Amino acid sequence: MDGIIKLIALHPRCLRECPSKFDSCLAAVKELGINPSSSSFVHAFAVISNVPKPIWKSRVQNFVSLGWSMDQITGAFVRHPYCMSSSEEKVRRNSKFFVEKLGWGPAKLSGSPVLLSLSFEKRIAPRFRMFKLLDERGLLRYGLTCRHFLLGEKRFRNKYVDKYQEIVPEILEAVSGKLGSLSSEIGGEIEC
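Here is the structure:
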């Protein structure tokens, strides 16, 4: 019941929906195996109720066109419901980047679907540039992981930017986007 109370508090607009839509959204969330008392229930319900069915189907097809299975799509939605709120273009662009530059396919991305919702210009590209600089100088021990892109801004700055800015002065330019675009590195199709 806590999930429904949170839903009402965070998304009161859902109550204005006709009862049949509310019931069908509730059934859809439960069908996905999301427990109404879990924290993701509220978010899943909000996404399902706000994304029209034709757009939902189109977004599912977008994931399928990127090589995702239905189980991977469902798993990604359960982990991060807002991956179905992101535009198809954003999902394609981020997916293309992670597949082509880091070799992360659907199996890896479905485990961390929030990566597909991140801003390419503000988060992904600047961090990639910075980590590439660190890697070129032998300062990145274990290679890039999802965690590097998911760290909060304050922790990221403390752990990487502040720590390495004296050793690698270009790091500030990298994270501020002044080192140029990644478009040439990705065949010109992904711009920064």
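Counting with UniProt numbering, you get residues 1 to 192 for the letters of the sequence shown.
Positions of the beta carbon are idealized from the N, C-alpha and C atoms, including for glycine.
Predicted model, so just to flag it, every value in this text is computed and none were measured.
As assigned by DSSP and simplified to three states, the class of isoleucine 167: DSSP places isoleucine 167 in coil when its eight states are reduced to three.
Entirely enclosed alpha helix (DSSP H) segments - the segment 59–88, minimum 4 residues: The segment 59–88 contains these whole alpha helix (DSSP H) runs: 70–79.
Three-state class that DSSP yields for glycine 152 in the structure shown: The answer is coil: DSSP assigns glycine 152 none of H, G, I, E or B.
Through-space distance from histidine 148 to tyrosine 160, alpha-carbon basis: Roughly 10 Å separates the two Cα atoms.
Range of the contiguous alpha helix (DSSP H) that encloses valine 114: Following the DSSP letters along the chain, one finds valine 114 in no alpha helix (DSSP H), marked with neither H nor E.
Cβ-based burial, isoleucine 167 [other Cβ within 10 Å; buried from 16]: Around the beta carbon of isoleucine 167, fewer than 16 other beta carbons lie within 10 angstroms, which makes this residue exposed.
Reference glycine 103, options Gly152, Ser20 and Thr145, closest by Cα: If we check each option's Cα against that of glycine 103, Thr145 comes out closest.
Three-state secondary structure (DSSP) of glycine 188: Low confidence applies here, because glycine 188 scores a pLDDT of 43, under 50, leaving its location unreliable; read the following figure in that light. It is coil, neither helix nor strand.
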